[in-house]
Amino acid sequence: MKEIDLLSKGIFNSKLLDSRVKTRAVTRKEKIFGHLIGPLGMIFIVNTIAALVEKFFMQMVGLTYPAGADGTANPMAAALGNDYQLVMMIIKFVVIGVSVLNSWLLTHTKCRQGRLRPWYLIFSFLTIIIGVLIFLFSPNIMGEAYWVYFFILLACYNTIGSTYFYVYKDMIVSVSTHDPKEKAQLTFMRKLCWTLISGIVIGLIVNSVLIPFWLQNDIKGYAILLIAMSVCAVPLLLVEYYYTKERVIEDASLEAKDGNANNIPLKEQLKALLSNRFWVILTVIATLQGIIDNFKGGNVQYYYIQYLLGGNTNASMQMIYTIIAGVPGGIGAFIIYPLSKKFGIKNLTIGGYALVLLGSVIGWCFPDQLVPALIGGFLRNMGWLPNSYIFITLTFFAFDDIEFRSGLRLEGLLGVGIIGAIQSLIYAPFAGGYESVLLNMNFVDNLEIMPDPAQNIKDFMTLCFYLFDIILSATVIVLLPFVNVEKKLPEINKELLRRKKEAVLAKGGTWIEPEEQDRIEREQAAKEHEENRIADLKELCAKKGLDFETENNKYLAAEAGKQRKREEKEAAKKAKQEAKAAKKKK
């Protein structure tokens, strides 16, 4: 049977699409452009659509099928709610096939650009196009056929479009480096733009400003917003693509007998995954969180604030809750990485979920009282910080442990895809459940028609906002102590480095220790930087009639002063550490 090698020819096998990252160690440019700034393009697109699509649907239903003069809900609105839940359930089943297809594509990819990056570029452009089309038209233009159009595009977005994004956004960190410190740094960078930067834009600006003050009253604004975001997303997507590098896959391909690290029998993949305790526990936690997220959707917090905390009479309440409960958590994000180094990712995450549990209990006990709700919201948002910024790194460490035990690098391959498909099958009955239940309770998302829903509707909104998070927090607090992979990382990385050295020497190559390779690359980068600086300075002096030697000596003197300050600072730091160590001995 002929072997299938996807993307082995064509534009993806040309130098035009080569990564601009050439070093073995993760560079500052790679961190900033590839994992902090670049990802914002697709993050803004995906998170904006996630925040708006259900609100857009509910709003469009309310405008198309308004309640009767006596306030009774239009039967067509409830029928569309059932259709929405059915479509979302069908989508989850289709996602199962798409997840397996994505894994099949990655398994059969043999490309100089890596395993994940080429497909990310392809699927991201599809996601942007489909995302814009979802909001572009209305029933006024297409009539009843609009709902067929809407549901088809919704299905395309959640299957062909965004599915691969969720595969890539975390896995790229896992295959970028073996170094645990670099893994944690890249994870923090990506989560910083996913949670904090995107959270401020989507949570504060979109949910708290644009929806209540613009989109709630202008259905056409959704399309305008998505088009504007898409124009910004494309250049950022290219920046992300060019400043990422799959070093781990390169190493695995070097060690593979046929040079293809993707050619692994499915049975071996599944055995390696399901026999790893760390990976199994983390997958169970992720599955429970997926069930909750699929049921809750994107409207839970919005409706809770709107109808339990007075947002229906005060349009600023969304912003007030977001600022008081959320922004302090955003500031606290900058202490997560230092705390994770001191206490460990596992321990920090357990402590965080304890705060979520406490905040959720307080909020559920006093759901319609602003001060307790804000206190509960603050505790919840602070508690989510480890989960939002650093927790996923444990999964990357689990993949390292799998490679340590089995010699297989499995990110994105068919075994992982099948497990993901099973997860999607589990999620399917829960998808769109929140909106469907509300519509069947005769809830109408229109303040003129229903300014104050019935108490049973408010009780359901409160339950969905708090109870599910109580269940998730308790589960994590019980299970996560068994994931002690961090303690094993020194042994794991020592062994993986030994295998790489053997593979290089077996193929007649020259082995250079990572520290020495890093020193050589830093010296080379410094040399190139100095050559470019001198060339630029000579050009500047020629244009302005300045003396090159004089200007160059000024620069060198300034740099020497900076170097002295750095050395003095480092010496003071070292002396402080030695004094602290001596004090401990006493």
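With the numbering used here applied, the sequence shown corresponds to residues 1 to 586, in that order. Virtual Cβ for every residue (Gly too), placed ideally from N, Cα, C.
* Identify, in the order they occur along the chain, each residue of the same chain with its Cβ nearer than 6 Å to the Cβ of Met319, setting aside the five sequence neighbours on each side. => For this step, residue 319 is matched to residue 319 along the sequence shown. Residues Ser208 of the same chain have their beta carbon placed closer than 6 Å to that of Met319, with the five preceding and five following residues left out of the count.
* Backbone CA spacing between Leu374 and Ala325 [nearest angstrom] -> To locate residue 374, count along the sequence shown from 1; it is residue 374. To locate residue 325, count along the sequence shown from 1; it is residue 325. One C-alpha to the other measures close to 6 Å.
* Is DSSP giving Leu126 helix, strand or coil here? -> Reading the sequence shown from its first residue, position 126 is the one you call residue 126. Helix at Leu126.
* Taking the DSSP output, what are the residues bridged to Thr109? -> In the sequence shown, the residue the question calls residue 109 occupies position 109. Answer is Leu6, bridged to Thr109.
* Asked: Rounded to whole angstroms, how far is the Cβ of Ile219 from the Cβ of Ser138, which I believe are closer than 8 Å?
  -> For this step, residue 219 is matched to residue 219 along the sequence shown. For this step, residue 138 is matched to residue 138 along the sequence shown. The Cβ separation is near 6 Å, so the contact holds.
* Report buried or exposed for Val231, applying the criterion of at least 16 other Cβ atoms within 10 angstroms of its Cβ. => Counted from its first residue, the sequence shown places residue 231 at position 231. Looking at its Cβ environment, which holds fewer than 16 other Cβ atoms inside 10 Å, Val231 is exposed.
* To do: Please report how far the alpha carbon of Leu105 lies from the alpha carbon of Ile419, in whole angstroms.
  => Numbered from 1 along the sequence shown, position 105 holds the residue referred to as residue 105. Numbered from 1 along the sequence shown, position 419 holds the residue referred to as residue 419. Approximately 16 Å, taken between the alpha carbons.
* What is the DSSP secondary structure of Pro367, reduced to helix, strand or coil? -> Indexing the sequence shown from 1 puts residue 367 at position 367. DSSP, read as helix, strand or coil, puts Pro367 in coil.
* **First and last residue of the uninterrupted alpha helix (DSSP H) at Ser253** => Counted from its first residue, the sequence shown places residue 253 at position 253. Segment 247-255, the alpha helix (DSSP H) holding Ser253.
* Asked: Pick from Ile264, Gln269, Thr23: whose alpha carbon is nearest that of Val416?
  -> By 1-based counting over the sequence shown, the position of residue 416 is 416. Measuring from the Cα of Val416, the nearest candidate turns out to be Gln269.
* Pull up the distance between the alpha-carbon of Arg533 and that of Thr107, whole angstroms please. => Locating residue 533 in the sequence shown gives position 533, where the first residue counts as 1. Locating residue 107 in the sequence shown gives position 107, where the first residue counts as 1. Rounded to the nearest angstrom, the two C-alpha atoms are 44 Å apart.
* Whose C-beta lies closer than 6 Å to the C-beta of Phe465 among residues of the same chain, with five residues either side of it excluded? -> The residue labelled residue 465 in the question sits at position 465 within the sequence shown. Excluding sequence neighbours, Phe465 sits near Val300, Tyr304.
* **Three or more C-beta pairs below 8 Å linking the stretch 83-97 and the stretch 424-441** => Yes, the stretch 83-97 touches the stretch 424-441.
* To do: Under the assumption that Leu153 contacts Ile130 (Cβ atoms under 8 Å), give the Cβ distance between them as a whole number of angstroms.
  => Looking up residue 153 in the sequence shown gives position 153. Looking up residue 130 in the sequence shown gives position 130. Correct: roughly 6 Å between the Cβ atoms.
* Nearest neighbour of Asp251, chosen from Lys501, Tyr434, Phe430 [CA to CA] -> As a first step, residue 251 must be located in the sequence shown, where it is residue number 251. For Asp251, the nearest C-alpha among the options comes from Lys501.
* Roughly how far, in whole angstroms, is the beta-carbon of Ser388 from the beta-carbon of Asp469, given that I think they are within contact range, below 8 Å? -> Locating residue 388 in the sequence shown gives position 388, where the first residue counts as 1. Locating residue 469 in the sequence shown gives position 469, where the first residue counts as 1. So it is not a contact: roughly 13 Å between Cβ atoms.
* To do: Go to Phe135, then tell me how far its alpha helix (DSSP H) extends in each direction, as first and last residue.
  => Along the sequence shown, one-based indexing puts residue 135 at 135. Taken as a continuous stretch (DSSP letters only), Phe135 belongs to no alpha helix (DSSP H), as it is neither H nor E.
* Count the other CB atoms, across all protein chains shown, that sit within 10 Å of the CB of Asp555; report buried if there are 16 or more and exposed otherwise. => Taking the sequence shown and counting its residues from 1, the one referred to as residue 555 is at position 555. Per the sequence shown, the amino acid found at residue 555 is Tyr instead of Asp. Tyr555 is exposed by the Cβ-count criterion.
* Would you mind working out which of Ile390, Leu355, Gly561 sits nearest Lys181, comparing C-alpha positions? => As a first step, residue 181 is located in the sequence shown; it is residue number 181 there, counting from the start. The shortest C-alpha to C-alpha distance from Lys181 to any of Ile390, Leu355, Gly561 is the one to Ile390.
* **Inter-residue Cα distance where the pair is Asp452 and Leu309** => Looking up residue 452 in the sequence shown gives position 452. Looking up residue 309 in the sequence shown gives position 309. Approximately 11 Å between the Cα atoms of the pair.
* Can the beta-carbon of Ile291 be found less than 7 Å from the beta-carbon of Phe430? -> Looking up residue 291 in the sequence shown gives position 291. Looking up residue 430 in the sequence shown gives position 430. The answer is yes: Cβ separation under 7 Å.
* Would you call the CB atoms of Ile128 and Ala233 closer than 7 Å? -> The residue you call residue 128 lines up with position 128 of the sequence shown. The residue you call residue 233 lines up with position 233 of the sequence shown. Closer than 7 Å, so yes.
* Of the residues Ile160, Met88, Ile11, which one's Cα is nearest the Cα of Gly97? -> Against the sequence shown, residue 97 aligns to sequence position 97. The candidate whose alpha carbon is nearest that of Gly97 is Ile160.
* Within the stretch 168-223, ranges of the alpha helix (DSSP H) (whole runs, at least 4 residues) -> 180-191
* Asked: Is the beta carbon of Gly351 sitting closer than 7 Å to the one on Gly363?
  -> Residue mapping note: residue 351 aligns to position 351 of the sequence shown, counting from 1. Residue mapping note: residue 363 aligns to position 363 of the sequence shown, counting from 1. Against a cut-off of 7 Å, the Cβ pair of Gly363 and Gly351 comes out as no contact.
* Under 8 Å Cβ to Cβ from Met317, same chain only, skipping five residues before and after it: list those, please. => Indexing the sequence shown from 1 puts residue 317 at position 317. For Met317, same chain residues with a beta-carbon under 8 Å away, outside a window of 5 residues either side, are Ile305, Gln306, Leu309, Gly310, Gly311 in chain order.
* When the Cα atoms are used, what is the spatial distance from Thr48 to Arg405? -> On the sequence shown, residue 48 is found 48 positions in, with the first residue counted as 1. On the sequence shown, residue 405 is found 405 positions in, with the first residue counted as 1. Using only the alpha carbons, I get a separation of about 40 Å.
* Asked: If we ignore side chains and look at the alpha-carbon of each, how far apart do Cys588 and Ser436 end up?
  -> Residue numbering for the chain in the displayed model covers 1 to 586; residue 588 lies beyond these limits and cannot be assessed.
* Taking just the CA atoms, how far does Glu255 sit from Phe150? -> Position 150 of the sequence shown, counted from the start, is the residue given in the question as residue 150. Position 255 of the sequence shown, counted from the start, is the residue given in the question as residue 255. Approximately 48 Å, taken between the alpha carbons.
* Asked: Going straight from the alpha carbon of Val280 to that of Arg190, what length do you get?
  -> Within the sequence shown, residue 280 is the residue found at index 280, counting from 1. Within the sequence shown, residue 190 is the residue found at index 190, counting from 1. Using only the alpha carbons, I get a separation of about 24 Å.
* Asked: Is the distance from the Cβ of Leu186 to the Cβ of Val175 below 7 Å?
  -> Residue mapping note: residue 186 aligns to position 186 of the sequence shown, counting from 1. Residue mapping note: residue 175 aligns to position 175 of the sequence shown, counting from 1. Contact flag unset, no.
* Asked: Comparing alpha-carbon positions, which option in Val21, Leu479, Thr550 lies nearest Val284?
  -> By one-based count along the sequence shown, residue 284 stands at place 284. Selected option, being the one with the closest Cα: Leu479.
* To do: Spell out a yes or no on whether the stretch 11-28 and the stretch 506-525 are touching, meaning 3 or more CB-CB pairs, one atom from each, closer than 8 Å.
  => yes
* **Three-state secondary structure assigned by DSSP to Met319** => Indexing the sequence shown from 1 puts residue 319 at position 319. Of the three classes helix, strand and coil, the one that applies to Met319 here is helix, per DSSP.
* Asked: Grouping DSSP H, G and I as helix and E and B as strand, with all else coil, what is Lys507?
  -> As a first step, residue 507 must be located in the sequence shown, where it is residue number 507. Of the three classes helix, strand and coil, the one that applies to Lys507 here is coil, per DSSP.
* Near Val593, which residues of its chain fall below 8 Å by C-beta distance, leaving aside the five closest residues on each side in sequence? -> For the chain, the structure presents residues 1 to 586; residue 593 sits outside this window and is missing.
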